[in-house]
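Below is one structure, written out as structure tokens; comments come after it.
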Amino acid sequence: MGYLDDRKETRYECKEHEIIVNDSMLTYCGDISKSGIFLMTMDDLESGKEISLYVPSHDLVIKALVMHVQKGVGAGVKFAPKTDDETARIGTILENILYSPDTVQFKLQVLVADGNKKFRSEVKILLAKEGFSVTEAADGLEVIKKLNAYPCNALILNDELKKLRILDLIKTIKDAPGYHMKPIIVYTRKDRSPIKNWVKQTDIRTFLESEQATPEFILNELKTLFWD
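What follows is the structure, given as structure tokens:
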């Protein structure tokens, strides 16, 4: 599993590498991809801020943007190379990690929950084509069961799942260890359904109205969370 910094592309674990931020903060690499890196640190980094990264093992200095902060764990940052040489150096680091015998490759995991099997299948097929690994659930209780067996990076939930009210389900998910910061997308099929009061009581990432409840729109919402 990867760290919560919302990169869709393939990532590689590289936990032995030290990364120095702004010449003053020692961090460690959680994983790396072609566009960014997850920095493991207990120190706070500011989302949206440009920082300087120094990779001692490869004597590389490069600028990056802080994209997602996970307090107490670290932050996902996006490389912002200023020269072709810096871009090439990043590629060299990735090649070294890729051919290391200890390299672990993984896909981001998404759980899709909907009582409509046909719709679930359509979403799963579309997301799989985009490189996601998808787990399905048919009702609220199955969501909890699947999360225990298949930890995920994001959840996509229909608001009318059976066996567990959506508000109770979201609270259960958010209270589970490691899931408080996980993004949740909820969608409805009800025509002209307003944003319900319960949505305001949660910190779900996105609520999609009926006209937006399509596999394609759901994929687009995921792409706003999982950056290239």
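Residue numbers (UniProt numbering): 1 to 228. Quick reminder that beta carbons are idealized off the backbone N, C-alpha and C, glycines included.
Taking 8 Å as the upper bound for CB-CB distance, Phe132 and Leu108 are in contact here, some 6 Å apart.
Counting only runs that start and end inside the UniProt domain "Response regulatory" (109 to 225), the alpha helix (DSSP H) elements of at least 4 residues fall at 117 to 129, 140 to 149, 166 to 175, 197 to 200 and 215 to 225. With distances taken between CA atoms, Gly72 lies nearest to Asp44 out of Thr92, Asp44 and Asp114. A straight-line Cα-Cα distance of about 13 Å links Lys82 and Leu60. Excluding residues up to 5 positions away in sequence, Asp139, Gly140 and Leu141 lie with their Cβ nearer than 6 Å to the Cβ of Lys163 in the same chain.
Collapsing the DSSP output to three states places Gly74 in a strand.
Runs of the beta strand (DSSP E) spanning 3 or more residues and lying entirely within the region 2 to 61 occur at 11 to 13, 18 to 21, 25 to 32, 36 to 40 and 50 to 55, in chain order.
By the beta-carbon neighbour count (other beta carbons within 10 angstroms, threshold 16), Pro183 is buried. Excluding its 5 nearest sequence neighbours in each direction, Thr188 has C-beta neighbours in its own chain below 8 Å: Asn158, Asp159, Glu160, Phe207, Leu208, Glu209, Ser210 and Ala213, listed in chain order.
Ile37 is a Cβ neighbour of Val77, given a cutoff of 8 Å. Ranking Glu50, His68, Ile170 and Pro215 by CA distance to the CA of Ile62 puts Glu50 first. The beta carbons of Leu222 and Ala154 sit closer together than 8 Å.
In this structure Asp168 is exposed. Its beta-carbon is surrounded by fewer than 16 other beta-carbon atoms within 10 angstroms. If you draw a straight line from the Cα of Arg120 to the Cα of Leu111, it is about 10 Å long. Within the DSSP secondary-structure output, Leu65 pairs in a beta bridge with Glu50 and Lys78.
A straight line joining the alpha-carbon of Val66 with that of Gly115 spans about 37 Å. The straight-line gap separating the alpha-carbon atoms of Met40 and Leu225 is approximately 20 Å.
The C-beta distance from Ile185 to Ile144 rounds to 18 Å, too long to fall under 8 Å, and the pair is not in contact. For Arg89, same chain residues with a beta-carbon under 6 Å away, outside a window of 5 residues either side, are Leu60 in chain order. With 16 or more other Cβ atoms inside 10 Å of its own Cβ, Lys146 counts as buried.
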